[in-house]
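Engineer:
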Amino acid sequence: MSYTRWWQPVLVGLVVLAGVYFAAPNLFPRTTYDDNNVAQSYVPAPFLQFQVNLGLDLQGGSYRLVRVDLDDAKASYMQDVQRIGSNTLRDQGVALRAIASDTNVRFQFRDETAMLGAREILREQFPTANYTDEGAVLTVGIGDEAFEVVKQETVQSVRDTIERRIDAFGLTEPSIRIQGEDRILIEVPGVSNIDEYLEKLELSIHIVSQAGATRNPNETLFMLLPDSDRVLAAGEQPVRYLIERQECVNGADIQGTGVDAERGIAVTFTLNSRGTKDFANCTRDNIGERLAIVLDGEVISAPNVNEAINTGAVQITGGFEFTEAKTLATLLGTGSLAAEVESIEERVVGPGLGAESIRSGAIACLVAMGLVLVFMAASYGLLGLMANVALVVNLVLLLGLLSLFGATLTLPGIAGIVLTVGMAVDANVLVFERVREEARAGLDPGDSVASGYGAAFSTILDANLTTVIAAILLAAFGTGPIQGFAITLTMGILTSMFTALLLTRLLINLWLDGFRPLKLPI
Amino acid sequence: MFPLIRLFPQNSNIDFLGLRRITLVLSLVLILGSVGMFLTRGLNLGIDFKGGLLFDLRFSETIAIDTVKEDLTALGFGTPEVQAFGSDRDAKVVFATPNAPTEDEEIAQVTAIKQAVRGLYPPKLDGEDLELAQAAATEGDIEFVNGSVEYRRVENVGSKISGELAQKGALATALALLAIAAYIWFRFEWQFAIAALLALSHDVITTIGLFSVFQFTFDLPTVAAILTIAGYSINDTVVVFDRAREEMRRYNERPVMEVLNIALNRTLSRTLMTSVTTLLALLALFAFGPLVIRDFTIALMWGVVIGTYSSLFFATPLLVVMGLSARAFDKKIVDDDEDDYAAQLAASVTQIDDDEIRARVRTDGGEDRPIEAEMIFPDDPDNDGPVQGGRRRVRKTKKKRPLGRK
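If you're matching them up, the sequences are chains A and B in order.
Quick note: the first sequence uses the working numbering, first residue -7, plus one each step.
Quick note: the second sequence uses the working numbering, first residue 78, plus one each step.
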């Protein structure tokens, strides 16, 4: 009588081979990128390019969770209502005054009839906004429906802009995902500081009003030169500018950007045709006045207007350092964020620490393996050696499975693998202890093995399923690194059940068939 | 082959349940002590749950922690926690979340702290950062000077997120415990489910107690460790319970404590083997693994120890406390191949007077089958032992034959 069927070694062999096939690419150096940013791989052609993804905590990089400021998005929506609404109404000959706040716009008309007419015109433009009227005053707010749309568009637009910015610097494989309704998760490998990609960079150019005296008191802003040594000489007080709310031109009309280092370092940009026309008009009408170039609420430069500028070429000089100017120019070229973002969670790992973690994690894993291998061989002899084969194969299968699914290996994930090494032998221990009992009860080797596996099976299943339950909850609630731990733990349980229940059993049965022992060496 | 090491008893006969008063009280003391520590001393929460700004800095030369602390305090953002971390060139710096009236201001302050620290200790760029900076410097034809301090880790968790993380962590733990208990209830009797749930809570609470006593940093990985401990501990408990149920069905006439003792003794060798292999692996991780996850490893090691303890001395005695009775189990026709050894062990555990057995055998089975005597349960007159034993005897005699020929 034979203990093995012909298909058993074939099946188990195929699975093990598949594991080796998918795990093997990890032995080769990681994918790198050539000058044209095309992936170069060291993995030889016969192997598919499956490699375990390394989490940011292992390869180094930035993890950042930001919240999009929806109040800011609301405020820009209200500004749109004010600007587009006023222009449309004026084009139709309706006289009005409009005052925008962060939450609504108040349109003041000559009388109620004018208001009612204007309301219909505005409704066509902004069908989802909220309209309340009182006499000749119409207040337009953002309705729930409009807010919902604005929210989605803003968050999507912010995400896309951040992606464009990161791409503009040629950084490798960033991952930028929207989470929940107003959060964006940004992961950039290999980079330790991404603060500059997250600035709003809203640029506009205004006319500086004469000190104190304004043309229209309702349409002016105070802006300060930033309190930074880039613009101010040491000891100099920040300068306060009174500028017109109405802008000559804004960042949306920027076409191309660059850095000019001819006379001092300047950020340069060219405007599109609309911007060129607006800027030409603005400068022509205000010769002798000053312009304020405003970036995110601060005047970064305030040049005098000496002549009309018709070329659409603008230069910002402001005591920049070259690198800084270069970065700003690149970022301005990608446009401003649709709303401000706030960092609420940041985790950065330097490349040095990541490499060290991989190294020490690998050493710990090998030492753990060594200890467990010796202990198992010493305790169970020949059967222990078979369990050891299973343990090594288990690690290969686990690596293969992680590679196949493109799972991300994190630092806690490495801990999960080490833990798997310790716990993987559990199934074999359960079986072997049972086999021992059977053998001592006088069963022959074949029967003891069969009976041991049979009796231990449901226990192994129960014990592993409960661990999987805990791991699944970890995966569901955890963030990045912890999910990595849960994934390796779960996959480790799957592969260890395969090796303990099928592989070792096959090895033992083959041995029983080959040697026909009268007594188990256990 | 070589002689096998028998670290653990093959044929142990420990009266675990006899110790139940002591061990249950001990567990109760551990639980109450942990709760007490938690309430009085609290946990050393990491920035994951408390919020704050953390830097792992590696300087180019040996530093004095006090100097670093003074320099950082001089920045004017309060006094950070500074501690040595690994070598004498490494410092771990934690700034508490700034007390700001709004989240916006809090974020602005955190950014200010980051900039100030980067100004004080210019970062040493590496990898892609370095390439970018060098490329820009080359383009602008200026000299690139790298900083000297390696920013190995920077973490910043806002106060709102830290609250969310704490909530999620607590929810995950509670759900995991309940889900595991539900699974046990589905697979076992209700007493087992409750005992398992209590044992799990015991392990989780004492782990929290350990973190409170030693003031280890309690952060997200710790929650992962606790859930893993729960998984490991239940693994252990399930093995014992599975065996307990099996023995209950086999000896459903016997006192429950006796049957549970049998189950514990028979799984003892396995319980200890698995604990040792897992501890060996974790020991390797503790000694050689990354420093960042050392507290995590300690939690796991503790979990293995407490999980093993609770399966043996807490979960199983609880079954007795809840009045589990072997009679509740239908006597299953168990595989008689196993029954032989089981009966021997049962006999040795109860130490029945040989004469009494012989007396029963005489009345039951007649004098020509004395070999069956060992397999009869003294307190069960209806026992069908002799019939079950028949097959086994044949096999035994088969094996003895070669010896007999010599």
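Where a beta carbon is used, it is the ideal one built from N, C-alpha and C, also for glycine.
1. Output, in sequence order along the chain, the residues in the region 296 to 329 of chain A whose CB is closer than 7 Å to any CB in chain B.
2. Any C-beta of chain A within less than 8 Å: which residues of the region 279 to 310 of chain B qualify?
3. For residue 312(B), would you say it is in contact with chain A, using Cβ-to-Cβ distances shorter than 8 Å as the test?
4. Using a Cβ cut-off of 9 Å, pull out every chain A residue sitting near residue 274(B), in sequence order please.
5. Under 7 Å, CB to CB, which of the residues in the region 222 to 244 of chain B have a partner in chain A?
6. Which same chain residues, not among the five before or five after residue 92(A), have their C-beta less than 6 Å away from its C-beta?
7. Measuring straight from C-alpha to C-alpha, what distance separates residue 66(A) and residue 6(A)?
8. Below 8 Å on the Cβ atoms is my contact criterion, and I expect residue 121(A) with residue 135(A) to pass it. Report the Cβ-Cβ distance as a whole number of Å.
9. Looking at chain B, is there any beta carbon in it that lies within less than 8 Å of the beta carbon of residue 343(A)?
10. Leaving out the 5 sequence neighbours to the left and right, which residues in its chain are closer than 7 Å to residue 253(A) when beta-carbon positions are compared?
11. Using the rule of at least 16 other Cβ atoms within 10 Å of the residue's Cβ for burial, across every protein chain shown, is residue 443(A) buried or exposed?
12. Per DSSP, what kind of secondary structure is residue 48(B) in: helix, strand or coil?
13. By DSSP, does residue 114(A) sit in helix, in strand, or in coil?
14. Would you kindly work out how many angstroms separate the C-alpha atoms of residue 426(B) and residue 350(A), rounded to a whole number?
15. Using the rule of at least 16 other Cβ atoms within 10 Å of the residue's Cβ for burial, across every protein chain shown, is residue 147(B) buried or exposed?
16. For residue 261(A), collect the residues of the same chain with a Cβ closer than 7 Å to its Cβ; drop the 5 residues on either side in sequence, then sort them by chain order.
17. Strictly under 8 Å for the Cβ-Cβ distance: is residue 186(A) near chain B by that measure?
18. Are the C-beta atoms of residue 138(B) and some chain A residue less than 8 Å apart?
19. Under three-state DSSP, which class holds residue 140(B)?
20. Indicate the three-state DSSP secondary structure (helix, strand or coil) for residue 295(A) in the structure shown.
21. Taking a Cβ distance cut-off of 9 Å, strictly less, list which residues of the region 359 to 384 of chain B are near chain A, in chain order.
22. Which residues bound the alpha helix (DSSP H) around residue 171(A)?
23. Identify the contact partners of residue 413(A) in chain B, using a Cβ-Cβ distance below 7 Å as the criterion.
24. Would you mind telling me which residues of chain A sit closer than 7 Å to residue 260(B), beta carbon to beta carbon, in chain order?
25. My output table needs one value for residue 161(B): the three-state DSSP class, helix, strand or coil.
26. Check residue 23(B) in the structure and name its three-state DSSP category.
27. Residue 63(A): buried (16+ other C-beta within 10 angstroms of its C-beta) or exposed?
28. Can you find a C-beta in chain A that's less than 8 Å from the C-beta of residue 351(B)?
29. Let me make sure I understand the geometry here. Which of 463(A), 331(A) and 420(A) has the alpha-carbon closest to that of residue 448(A)?
30. Less than 8 Å between CB atoms is the rule here; does residue 249(B) satisfy it with respect to chain A?
31. Is residue 386(A) helix, strand or coil when you go by DSSP?
32. Under three-state DSSP, which class holds residue 335(A)?
33. So which residues of chain B does residue 182(A) contact, with C-beta pairs closer than 7 Å?
34. What do you reckon, are the CB atoms on residue 90(A) and residue 106(A) nearer than 8 Å?
35. Kindly confirm or deny that the region 155 to 173 of chain B and the region 127 to 139 of chain B touch, where touching means at least three C-beta pairs closer than 8 Å.
36. Ordered along the chain, which non-local residues of its own chain (more than five positions away) have a Cβ less than 8 Å from that of residue 119(B)?
Structural biologist: In short:
1. 314, 315 and 318
2. 297, 298, 300, 301, 304, 305, 307, 308 and 309
3. yes
4. Per Cβ cutoff of 9 Å: no residues; residue 274(B) is ~12 Å from chain A at best.
5. 227, 228, 229, 230, 231, 232, 233, 234, 235, 237 and 238
6. 70, 71 and 74
7. 59 Å
8. 5 Å
9. yes
10. 314
11. buried
12. The requested residue 48(B) is not part of the displayed model; chain B covers only 78 to 483.
13. helix
14. In this prediction, residue 426(B) has a pLDDT of 48, which is less than 50 and means its spatial position is unreliable; nothing more can be read from the coordinates.
15. exposed
16. 246, 248, 249, 306 and 324
17. no
18. no
19. coil
20. coil
21. 359, 360, 361, 362, 363, 364, 365, 366, 367, 368, 369, 370, 373, 374, 377 and 381
22. No alpha helix (DSSP H) contains residue 171(A), which is instead part of the beta strand (DSSP E) from 167 to 171.
23. 358
24. 457, 458 and 461
25. strand
26. Residue 23(B) is absent from the structure shown; chain B starts at 78 and stops at 483.
27. exposed
28. yes
29. 420(A)
30. yes
31. helix
32. strand
33. 204 and 205
34. no
35. yes
36. 289
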